[in-house]
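Q: Read top to bottom, the protein sequences are chains E and P. For the first sequence, counting from 1, position 222 maps to 222 in my numbering; every step adds exactly one. Numbers in my numbering are just positions in the second sequence, counted from 1, shifted up by 1000. Shown below is the structure under consideration.
Number of protein chains: 2
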Amino acid sequence: MSDNTQIILVERPNGPLKESHFEIRHGEVPKPGPGEALVRSILLSQDAANRAWMAGATYKSAVNPGDVMHGYAVCEVIESNSPDLQPGQLVQGQAGWQQYAALPANALQRCADHRPLTRLLSIMGIAGKTAYHGLLNVSGIEAGETLLVSAAAGSVGSIVGQIGKIKGARVVGIAGGAAKCAWVRDELGFDACIDYKSAEMATALTEHCPDGIDVYFDNVGGDILQSAIFNMKYGGRISCCGAVSQYDGGPPTSPIGIPGLLVIKSLRMQGFLLMDFMDRDADAERDLSTWSDSGQIVIAEDVIEGLENAPRGLIGLLAGENRGKRMIRVGPDPS
Amino acid sequence: MSDNTQIILVERPNGPLKESHFEIRHGEVPKPGPGEALVRSILLSQDAANRAWMAGATYKSAVNPGDVMHGYAVCEVIESNSPDLQPGQLVQGQAGWQQYAALPANALQRCADHRPLTRLLSIMGIAGKTAYHGLLNVSGIEAGETLLVSAAAGSVGSIVGQIGKIKGARVVGIAGGAAKCAWVRDELGFDACIDYKSAEMATALTEHCPDGIDVYFDNVGGDILQSAIFNMKYGGRISCCGAVSQYDGGPPTSPIGIPGLLVIKSLRMQGFLLMDFMDRDADAERDLSTWSDSGQIVIAEDVIEGLENAPRGLIGLLAGENRGKRMIRVGPDPS
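This is the structure we're talking about:
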């Protein structure tokens, strides 16, 4: 336990992320200070926002060259200098791309021993809760409404659409490639899925949302957001979850017609972060576990083995190769 | 009563509006058809949105060359073919820039005989209600919050800031020119007012909103909206009421960082139209009349005599020459 494998960001990417922006190092396992705990990473979340963290400060501080790459992980407490945590407990927090981290106990959240532990990042974790709060508490959705979801095969989008169906909406996804679109329709049960790589978006939206869009759940920003705004119904709502088209060297575009189109169509655009809804997490956990236990939600997980594969995993995620929630298995489950 | 003075839009403006885009004609007083009423205009509202109507369809059909210019007016019913309206009653609706109009009775709204009748367009009408609903029912405002209001000397902005003060907010206005800014501060009671013609906006916002902006009430769009977005607090709200910087040949800009900044700061941007809140108009009327009767709101009206001055009035409004609610007196009050 003296070796701590770490992945360092060695250069700030200016354009598409590459493996050469990272370096593997073998550091020492840290000693936890007063009030800190030493944790061992089990599963590391991979999210498009990880790329945005490299560009500068966002809702958290930037990742700078020389830093261990930041990342959210499910961990086991190994040693604790805080009365709040005991060895063997499961926690989650910003442990970074490394095997071991010493973190203040109050920066770690206890989590239930929910097996398989992958669920703590997929349906019962960051993906499921982001989808739940972003759809139900940001935009809202009513039975009979038309819901458009971009990155529909991704970790959040795949769940948003399924919750939309449970709530009685007509759900249209957007994803890249015929195979992913078929999966979104056939396995996840969306009513339709537009392949943005082959379809002309304006035509496709007119075809699949002939009466306009009530709710657009936006994971991508850019041109697709623009097309959606043009096709929103009067009084429509846009839940702004992310802008993956902008993160990895994509052109920094903003939709035209802001604020004019918001005014004349009485549209609401609302950004959010998962942490805004901590006080309603119990609702999310209750509903998400009911829906997944009953099979109403198909759980899609994409687990890559080995911390050394984290750079490749994130690069692939930004290129859209994942289906459902991508994560890295850093170490074994506790027995 | 056989002559009906009308102002016609004779050319679609492509750039700043000029008097030459209009022509005065003398038509006939129309005969109301079945279900219609003949109305006589008393006071004609002038609003920045009038200019946007000339560019194309918005929340209503476009004004096209050859049309009587569209406009919202307080009128007296002269003759009625509908059981719902009687001669002598006061109504408001889209009567256009003309002395007489024949309109379907169901397109006209009855209004109280509230003297002076100018109040029906200012504090108790389109200006006051837009300010009320846009601030209280779109963005919301809490005591202790910082409220930024653009076009602060305008019909809506001047009231928004005063309602903000009543609700206990710290209110910072933005207006053009030192004299207007002094009026906004000294007469309307805003805490501060930034002169966008002389101040560097980023510096001024840092100075006057050092802890950031909780609520931005946007009447202008463009560069000021951009600066406001950069200075919004986490969880801030933007009430999108209009985009006057874009209407009159201004560059059609959109703020950069959409949706990224909305996501990382959990911002909400919401467009609205007055008609969205018809079911809550009674609340607005009750509160606005209380506040104006008690002197808590200073009523600012800018009345221009004579329909023939409507083109000049609108051109001046787009250039920001008005203080408070601009309107045209087309004819005398009913006795």
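We put the CB at the ideal spot given by N, CA and C, even for glycine.
(1) Near residue 248 of chain E, which residues of its chain fall below 7 Å by C-beta distance, leaving aside the five closest residues on each side in sequence?
(2) If you drop the 5 nearest sequence neighbours on each side, which residues of the same chain put their C-beta closer than 8 Å to that of residue 1026 of chain P?
(3) Against chain E, with Cβ distances strictly below 7 Å, would residue 1330 of chain P count as a contact?
(4) Between the Cα of residue 1208 of chain P and those of P/1220, P/1197, P/1198 and P/1170, spot the shortest distance and give me the residue it belongs to.
(5) Are the beta-carbon atoms of residue 175 of chain E and residue 152 of chain E separated by less than 7 Å?
(6) If residue 172 of chain E sits next to residue 191 of chain E, beta carbons under 8 Å apart, how far is it from one beta carbon to the other, in whole angstroms?
(7) In the DSSP assignment, the alpha helix (DSSP H) including residue 1283 of chain P goes from what residue to what residue?
(8) Quick check: the region 1062-1078 of chain P against the region 305-321 of chain E, are at least 3 beta-carbon pairs closer than 8 Å?
(9) Give the DSSP-derived three-state secondary structure of residue 186 of chain E in the structure shown.
(10) Between the C-alpha atoms of residue 1202 of chain P and residue 212 of chain E, what's the straight-line distance to the nearest angstrom?
(11) Under 7 Å between the Cβ atoms of residue 1217 of chain P and residue 1245 of chain P?
(12) With 16 as the cutoff for other CB atoms within 10 Å, does residue 76 of chain E come out buried or exposed?
(13) Three or more beta-carbon pairs under 8 Å between the region 224-241 of chain E and the region 1262-1279 of chain P, yes or no?
(14) Within a Cβ cutoff of 6 Å, which residues of the same chain sit near residue 1214 of chain P, ignoring the five residues on either side of it in sequence?
(15) Is it true that the CB of residue 219 of chain E sits closer than 7 Å to the CB of residue 158 of chain E?
(16) Could you name each continuous beta strand (DSSP E) segment of 3 residues or more that falls completely within the region 111-152 of chain E, going from the start of the chain to the end?
(17) Classify residue 1272 of chain P as helix, strand or coil using the three-state DSSP reduction.
(18) So, is the C-beta of residue 269 of chain E closer than 7 Å to a C-beta in chain P?
(19) When DSSP builds the beta bridges, which residues end up paired with residue 254 of chain E?
(20) What does the alpha-carbon distance come out to for the pair residue 62 of chain E and residue 311 of chain E?
(21) Any C-beta of chain E sitting closer than 7 Å to the C-beta of residue 1155 of chain P?
(22) Does residue 61 of chain E get closer than 7 Å to chain P when you measure Cβ to Cβ?
(23) Please go through the same chain and pick out, in chain order, the residues whose beta-carbon is closer than 7 Å to the beta-carbon of residue 56 of chain E, but skip the five residues on each side of it.
(24) Tell me which residues of the region 270-293 of chain E have at least one Cβ-Cβ distance to chain P shorter than 8 Å, keeping chain order.
(25) Kindly confirm or deny that the region 1036-1045 of chain P and the region 1322-1329 of chain P touch, where touching means at least three C-beta pairs closer than 8 Å.
(26) For residue 1101 of chain P, collect the residues of the same chain with a Cβ closer than 6 Å to its Cβ; drop the 5 residues on either side in sequence, then sort them by chain order.
(27) Counting only C-beta atoms, is residue 5 of chain E closer than 7 Å to chain P at any point?
(28) At the level of alpha carbons, what is the spacing between residue 1141 of chain P and residue 1167 of chain P?
(29) Going along the chain, which residues of its own chain have a beta-carbon closer than 7 Å to the beta-carbon of residue 1049 of chain P, five neighbours each way excluded?
(30) Establish whether the CB of residue 1039 of chain P and some CB of chain E are separated by less than 7 Å.
(31) Given this structure, state the Cα-to-Cα distance separating residue 1036 of chain P from residue 265 of chain E, to the nearest angstrom.
(32) Give me the residue from E/229, E/126 and E/30 with the minimum Cα distance to residue 104 of chain E.
(33) Nearest chain E C-beta to residue 1353 of chain P closer than 7 Å, yes or no?
(34) Run through DSSP, which three-state label would residue 233 of chain E get?
(35) Counting only beta-carbon atoms, is residue 203 of chain E nearer than 7 Å to chain P?
(36) Residues in the same chain with beta-carbon distance under 8 Å from residue 1122 of chain P, minus the five sequence neighbours each way, listed in chain order, please.
A: Reading off the structure:
(1) Position 248 of the first sequence, counted from the first residue, corresponds to residue 248 of chain E. 16, 17, 51 and 318.
(2) For the purposes of this step, residue 1026 of chain P is taken as residue 26 along the second sequence, with counting starting at 1. A distance below 8 Å between beta-carbons, with the five flanking residues on each side excluded, links residue 1026 of chain P to the following residues of its chain, in chain order: 1003, 1004, 1005 and 1006.
(3) Here the question's residue 1330 of chain P lines up with position 330 in the second sequence. Answer no: the Cβ-Cβ gap between residue 1330 of chain P and chain E never drops below 7 Å.
(4) In the second sequence, counting from the first residue as 1, residue 1208 of chain P sits at position 208. Of P/1220, P/1197, P/1198 and P/1170, the residue nearest in Cα terms is P/1170.
(5) For the purposes of this step, residue 175 of chain E is taken as residue 175 along the first sequence, with counting starting at 1. For the purposes of this step, residue 152 of chain E is taken as residue 152 along the first sequence, with counting starting at 1. Yes, the Cβ-Cβ distance between residue 175 of chain E and residue 152 of chain E is below 7 Å.
(6) The count along the first sequence starts at 1 and reaches residue 172 of chain E at position 172. The count along the first sequence starts at 1 and reaches residue 191 of chain E at position 191. Right, the Cβ-Cβ distance comes to about 6 Å (below 8 Å), so this counts as a contact.
(7) As a first step, residue 1283 of chain P must be located in the second sequence, where it is residue number 283. Where residue 1283 of chain P is concerned, the enclosing alpha helix (DSSP H) stretches over 1281-1293.
(8) Contact between the region 305-321 of chain E and the region 1062-1078 of chain P is absent, because fewer than three Cβ pairs lie under 8 Å.
(9) Within the first sequence, numbered from 1, the residue matching residue 186 of chain E stands at position 186. In the three-state DSSP reduction, residue 186 of chain E falls in the helix class (H, G or I).
(10) Here residue 1202 of chain P refers to the residue found at position 202 when the second sequence is read from its first residue. Here residue 212 of chain E refers to the residue found at position 212 when the first sequence is read from its first residue. Computed Cα separation, rounded: 38 Å.
(11) As a first step, residue 1217 of chain P must be located in the second sequence, where it is residue number 217. As a first step, residue 1245 of chain P must be located in the second sequence, where it is residue number 245. Not a contact, by the Cβ cut-off of 7 Å.
(12) In the first sequence, the residue the question calls residue 76 of chain E occupies position 76. Its Cβ being crowded by 16 or more others within 10 Å, residue 76 of chain E is buried.
(13) Yes, since at least three Cβ pairs between the region 224-241 of chain E and the region 1262-1279 of chain P fall closer than 8 Å, the two stretches touch.
(14) The residue given as residue 1214 of chain P occupies position 214 in the second sequence. Excluding positions up to five away in sequence, the list reads 1145, 1146, 1233 and 1236.
(15) Position 158 of the first sequence, counting from 1, holds the residue named residue 158 of chain E. Position 219 of the first sequence, counting from 1, holds the residue named residue 219 of chain E. Contact flag unset, no.
(16) Under the rule that a run must span 3 or more residues, the beta strand (DSSP E) segments found entirely inside the region 111-152 of chain E read 146-149.
(17) Walking along the second sequence from the start, residue 1272 of chain P turns up at place 272. Residue 1272 of chain P carries a coil assignment under DSSP once its states are collapsed to helix, strand and coil.
(18) Taking the first sequence and counting its residues from 1, one reaches residue 269 of chain E at position 269. By the rule that beta-carbons nearer than 7 Å mark a contact, residue 269 of chain E touches chain P.
(19) Locating residue 254 of chain E in the first sequence gives position 254, counting from the first residue. None; residue 254 of chain E has no bridge partner.
(20) As a working note, residue 62 of chain E is residue 62 in the first sequence. As a working note, residue 311 of chain E is residue 311 in the first sequence. Inter-residue distance for residue 62 of chain E and residue 311 of chain E is about 17 Å (C-alpha atoms, whole angstroms).
(21) Counting from one through the second sequence, the residue named residue 1155 of chain P turns up at place 155. It does not: the Cβ of residue 1155 of chain P has no partner Cβ on chain E nearer than 7 Å.
(22) Taking the first residue of the first sequence as 1, we reach residue 61 of chain E at position 61. No, residue 61 of chain E does not count as interfacial toward chain P.
(23) Counted from its first residue, the first sequence places residue 56 of chain E at position 56. So the list reads 62, once near-sequence residues are dropped.
(24) Per Cβ criterion, the list reads 270, 271, 272, 273 and 276.
(25) Counting Cβ pairs under 8 Å, three or more are found: they touch.
(26) Against the second sequence, residue 1101 of chain P aligns to sequence position 101. Only 1039 and 1095 meet the Cβ criterion.
(27) Your numbering for residue 5 of chain E matches position 5 in the first sequence. No, residue 5 of chain E does not count as interfacial toward chain P.
(28) Counting from 1 along the second sequence, the entry for residue 1141 of chain P is found at position 141. Counting from 1 along the second sequence, the entry for residue 1167 of chain P is found at position 167. The alpha-carbon atoms of residue 1141 of chain P and residue 1167 of chain P are separated by roughly 7 Å.
(29) Walking along the second sequence from the start, residue 1049 of chain P turns up at place 49. Its chain contains 1242 as the residues whose beta carbon lies nearer than 7 Å to that of residue 1049 of chain P, once the 5 sequence neighbours on both sides are disregarded; these appear in chain order.
(30) Residue numbering aside, residue 1039 of chain P sits at position 39 when the second sequence is read from its first letter. For residue 1039 of chain P, the answer is no, since every Cβ of chain E falls outside 7 Å of its Cβ.
(31) What you label residue 1036 of chain P is simply residue 36 of the second sequence in a count that begins at 1. What you label residue 265 of chain E is simply residue 265 of the first sequence in a count that begins at 1. Taking the straight line from one Cα to the other gives about 29 Å.
(32) As a first step, residue 104 of chain E must be located in the first sequence, where it is residue number 104. Residue E/30 is the option with its Cα nearest to residue 104 of chain E.
(33) Since the first and last residues shown for chain P are 1001 and 1335, residue 1353 of chain P lies out of range.
(34) Counting from one through the first sequence, the residue named residue 233 of chain E turns up at place 233. Strand at residue 233 of chain E.
(35) Counting from one through the first sequence, the residue named residue 203 of chain E turns up at place 203. So no, residue 203 of chain E is outside the interface.
(36) Reading the second sequence from its first residue, position 122 is the one you call residue 1122 of chain P. Sequence-distant partners of residue 1122 of chain P (beyond 5 residues in either direction) whose C-beta falls short of 8 Å from its own C-beta, in its chain, are 1128, 1155, 1299, 1300, 1301, 1324, 1325 and 1327.
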